[in-house]
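A short write-up of the structure that comes next.
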Amino acid sequence: MKKLLSLMLAVAMIFALAACGGGGEVVDPTEEAGLIKVGIINNDPNESGYRTANDADMKRVFTEENGYEASFAYSLKNDEQIAAAQKFIQDEVDYLLISAAGTAGWDTVLKDAQDAGIQVILFDRTIDADESLYVASIVSDMAKEGQTAVDWLASQALEAYNVIHIQGVMGSAAQIGRTGALDVMVAENENWNLVTQQTAEWNAETAQQIVQAVIDSGKEFNVVYAENDDMAKGAVAALDAAGITHGVDGDVIIMGFDCNKWALEELLNGNWNYDGQCNPFQADYIDEIIEGLEKGEAPAEKVVIMEEKGFDATTITQADVDQYGI
Amino acid sequence: MKKNSVKSAFLGLFRHQIFIPIAALLILVIFNLVADPSFFKITFGHNNAGDPILSGNLMTIFNNASELAILAIGMTLVTAASGGQDISVGATIAIAGSVILRILCGAQGPRPESMQAPIIVAFLVACVVTMLFGAFNGVLVSYFKIQPMVATLIMFTAGRSIAAWINNNQLPVIKDVSFGYFGNYIPGIPIPTPVFIAILCMIIIALVLKLTNLGLYVQAVGINSHSSRLNGLNPEFIKFITYVIMGLCVAVAGLIKVSRISTINYSVIAKDIEMDAILAVALGGNALGGGKFSMTASILGAYVIQFLTTTLYKFEVPSDALPAYKAIVVIILVVLSAPIVREKLGQLRKKIAPEKATGEA
Chain A
487 MKKLLSLMLA
497 VAMIFALAAC
507 GGGGEVVDPT
517 EEAGLIKVGI
527 INNDPNESGY
537 RTANDADMKR
547 VFTEENGYEA
557 SFAYSLKNDE
567 QIAAAQKFIQ
577 DEVDYLLISA
587 AGTAGWDTVL
597 KDAQDAGIQV
607 ILFDRTIDAD
617 ESLYVASIVS
627 DMAKEGQTAV
637 DWLASQALEA
647 YNVIHIQGVM
657 GSAAQIGRTG
667 ALDVMVAENE
677 NWNLVTQQTA
687 EWNAETAQQI
697 VQAVIDSGKE
707 FNVVYAENDD
717 MAKGAVAALD
727 AAGITHGVDG
737 DVIIMGFDCN
747 KWALEELLNG
757 NWNYDGQCNP
767 FQADYIDEII
777 EGLEKGEAPA
787 EKVVIMEEKG
797 FDATTITQAD
807 VDQYGI
Chain B
5 MKKNSVKSAF
15 LGLFRHQIFI
25 PIAALLILVI
35 FNLVADPSFF
45 KITFGHNNAG
55 DPILSGNLMT
65 IFNNASELAI
75 LAIGMTLVTA
85 ASGGQDISVG
95 ATIAIAGSVI
105 LRILCGAQGP
115 RPESMQAPII
125 VAFLVACVVT
135 MLFGAFNGVL
145 VSYFKIQPMV
155 ATLIMFTAGR
165 SIAAWINNNQ
175 LPVIKDVSFG
185 YFGNYIPGIP
195 IPTPVFIAIL
205 CMIIIALVLK
215 LTNLGLYVQA
225 VGINSHSSRL
235 NGLNPEFIKF
245 ITYVIMGLCV
255 AVAGLIKVSR
265 ISTINYSVIA
275 KDIEMDAILA
285 VALGGNALGG
295 GKFSMTASIL
305 GAYVIQFLTT
315 TLYKFEVPSD
325 ALPAYKAIVV
335 IILVVLSAPI
345 VREKLGQLRK
355 KIAPEKATGE
365 A
């Protein structure tokens, strides 16, 4: 039964491909035979709220109603992801969508995909491989996220910036990008100082301890720049316990990243000042690219950088929370 | 005469197991006293809710070491009885936290306006769940004779996924402030609640060890499970029960952890805490191969670890170098606490001490 089904699918796919090659006709997606087969390789959705939202977005778009037959594989390990990619190639998917756990080691499997006529689209994370091996990559520009946040902070026109900088896991793309802009600003300006710069490894409690240590040492500070929402929450817990006011009209500016729904609610309530978005909603971009490819059009740009916002507590609305909260 | 008795008391202490964590603690205290005596300052203030609180590095240490001290209790028993460690405690804390939040959220989705069940109910269910997972580990170790580290590797790998699955991958947030009491402060009481919870756990385990034969049986099984069987004990059951107790400790630690921030992050909650718990046992001078144990020394070890962490934060050790500093200190402490080194040191001390004693006389 399974064999028969796969045979039928294979035949159907040949027809579909033939149709594409022939006149560039659009295959009616409502027809069972016209389903586009995609293999999606992602990181474990439990990894973070970001990943959960990302996975949910993928599942929202790549459905049978939208003309896709999607298979999913999850792993936080590069080798397991590569094995999953090999399996998808054997299954003869039309498109391979990859959010790679690590940047290296993908060349061979991507060549295999190319030989098998499978188009590869990278999302969320880029890899160290020749650009010819994939048709497009849809990524966040973490350095831009950091720059947007630091620009916002600079626009607050404080007399002095004494910043507690709480970093993510050292070496991760998000940490490097979000740290970069702040480091430059501190190096270039006399009135910008880092009170402390420590990694809390995305962990709320560690962030709480770091801020607690600064408070206990009696140092002055007026900004907490946390590289994700969890750590900002931990920092705020330490401030609350010490009786230090924060947020709009408070003594300390609180900045976070990722735009979790609860974090945006903190902004709405004026407890925090800023939250930078890391856009997990790539599925629509990918959908558009695949649609174009099916028509025989190459994507306009190889690297698509997603639009990302920064929210200010004084201007955020409930509609923003509902739309952008993850 | 008096000097001699002091000396022998000191020697006794030196030979005693608890010497290592106390010495480590003393070194840290002296280091901080020399470097910056204000480290020990405790100030009285008010938090943003207007309640009185005590703050300072010492309070931070007592507060944050609580979970580790509670876990050290279970880990000591597991280590002594089965001669191996439970490396799944971090992952099962995630499960305990997830269960608690799931029950408090009820059918209201991940952001309920109010709690849907009393906290005690959620906590008790979490206790049952983690004790079941403890029992699972215990069965694998005691009845299937699987190496403890390998047996608990299963939950170590799967635990965080299970925790996420319990809440359908959502991140629940409890808005009710009373849920935060367990990990923060009860209004009007200036000392953080986890300190009281840890002390309560210590009192309970002290009573259990004093009033029951658990300690004796655990040591007997750990030293030689074959001969303990010949003496009428059931070594499998003793090992099994230590894992169940570990499960109970995990539930308590899980409650504190999720209460601290009123939410959970499955991948980072209590991350690597199993390693710190094992380290606490090692620092306490307990043989990691099982057998005799000292509960007091293990708990003290937990506070030493937190003391070290807070000291490193206080002196703003560069973030990427922090694990390296910790590793160096740990290597020194563990080497010092190794039985062979202690024996050698003891011999050395004996050689020097009598000469000195005669010289003084």
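Residue numbers (my numbering), protein chains in the order written: chain A, 487 to 812; chain B, 5 to 365. Virtual Cβ for every residue (Gly too), placed ideally from N, Cα, C.
Residues bridged to residue i [DSSP beta-bridge criterion]
i: W678/A; result: Y647/A
i: Q684/A; result: I652/A
i: I527/A; result: A559/A, I584/A
i: G49/B; result: I57/B
i: Y329/B; result: Answer is none; Y329/B lacks a bridge partner.
i: V177/B; result: T267/B
i: I104/B; result: Answer is none; I104/B lacks a bridge partner.
i: I522/A; result: Y554/A
Element boundaries [beta strand (DSSP E), containing residue i]
i: S59/B; result: 56 to 59
i: Q605/A; result: 605 to 610
i: Y317/B; result: Segment 299 to 318 is the alpha helix (DSSP H) holding Y317/B; no beta strand (DSSP E) there.
i: A712/A; result: 709 to 712
Short Cβ contact (7 Å threshold) for residue i with residue j
i: A629/A; j: G663/A; result: yes
i: V710/A; j: Y647/A; result: no
i: N689/A; j: S165/B; result: no
i: I802/A; j: L754/A; result: yes
i: I522/A; j: D580/A; result: yes
i: N529/A; j: S585/A; result: yes
i: G163/B; j: A95/B; result: yes
i: S102/B; j: A167/B; result: yes
i: L58/B; j: P152/B; result: no
i: N564/A; j: G588/A; result: yes
i: A749/A; j: I652/A; result: no
i: T64/B; j: Q683/A; result: no
i: I150/B; j: L157/B; result: no
i: I77/B; j: I209/B; result: yes
i: I772/A; j: I607/A; result: yes
i: I178/B; j: S266/B; result: yes
i: A254/B; j: T134/B; result: Strictly speaking, residue 254/B in this sequence is Val, with Ala absent from that position. A contact, by the Cβ cut-off of 7 Å.
i: F186/B; j: S263/B; result: yes
i: A257/B; j: I46/B; result: no
i: N61/B; j: D726/A; result: no
i: L668/A; j: V636/A; result: yes
Amino acids of chain B, ordered along the chain, whose beta-carbon sits closer than 7 Å to that of residue i
i: W688/A; result: V272
i: S703/A; result: K318
i: W638/A; result: Those within 7 Å of W638/A in chain B number zero; the least Cβ separation is about 24 Å.
Within chain A, the residues that residue i reaches when beta carbons sit closer than 9 Å
i: S165/B; result: D530, N532
Chain-ordered neighbours of residue i on chain B, where CB pairs are closer than 8 Å
i: I522/A; result: Per Cβ cutoff of 8 Å: no residues; I522/A is ~26 Å from chain B at best.
i: T538/A; result: N173, Q174, L175
i: A723/A; result: N188, R264, I265
i: T731/A; result: N52
i: G525/A; result: Correct list: empty, because the minimum Cβ distance to chain B is about 21 Å.
Extent of the continuous alpha helix (DSSP H) run through residue i
i: Y185/B; result: Counting along the chain, Y185/B falls outside any alpha helix (DSSP H), and DSSP gives it neither H nor E.
i: N623/A; result: As written in the sequence, residue 623/A is Ser, which differs from the Asn given in the question. Segment 622 to 625 is the beta strand (DSSP E) holding S623/A; no alpha helix (DSSP H) there.
i: I166/B; result: 152 to 170
i: P196/B; result: From DSSP, P196/B is part of no alpha helix (DSSP H); its letter is neither H nor E.
i: I568/A; result: 564 to 576
i: M119/B; result: Careful: M119/B lies outside any alpha helix (DSSP H) and carries neither H nor E.
i: I190/B; result: Per DSSP, I190/B belongs to no alpha helix (DSSP H) and is neither H nor E.
i: D541/A; result: 535 to 547
i: A39/B; result: 23 to 39
i: E706/A; result: Run containing E706/A: none; DSSP gives neither H nor E here.
i: A602/A; result: No alpha helix (DSSP H) holds A602/A; DSSP gives it neither H nor E.
i: K630/A; result: 628 to 640
Per-residue contacts from residue i into chain D (C-beta, under 9 Å)
i: S182/B; result: Absent from the structure: chain D. Protein chains present are A and B.
Closer than 7 Å at the beta carbon, the chain A residues around residue i
i: E320/B; result: T682
i: S118/B; result: Those do not exist, as S118/B stays about 16 Å from chain A at its closest Cβ, beyond 7 Å.
Residue i CB to nearest heavy atom of the ligand SAH below 6 Å
i: I624/A; result: Because no ligand of any kind appears in the structure shown, any question about the ligand SAH cannot be addressed here.
Partners in chain A for residue i, counting only beta-carbon separations shorter than 8 Å
i: T314/B; result: Q695, A699
i: G49/B; result: A728, G729
i: K275/B; result: E687, N689
i: A168/B; result: P531, N532
Which whole runs of the beta strand (DSSP E) in the stretch 725 to 767 of chain A are 3 residues long or more, in chain order?
739 to 743, 760 to 762
Start-end ranges of the alpha helix (DSSP H) lying completely within the stretch 235 to 296 of chain B, minimum 4 residues
Runs found: 239 to 265, 277 to 287.
Of all the alpha helix (DSSP H) runs that stay within the bounds of the stretch 759 to 811 of chain A, which reach a length of 4 or more residues?
769 to 780, 804 to 810
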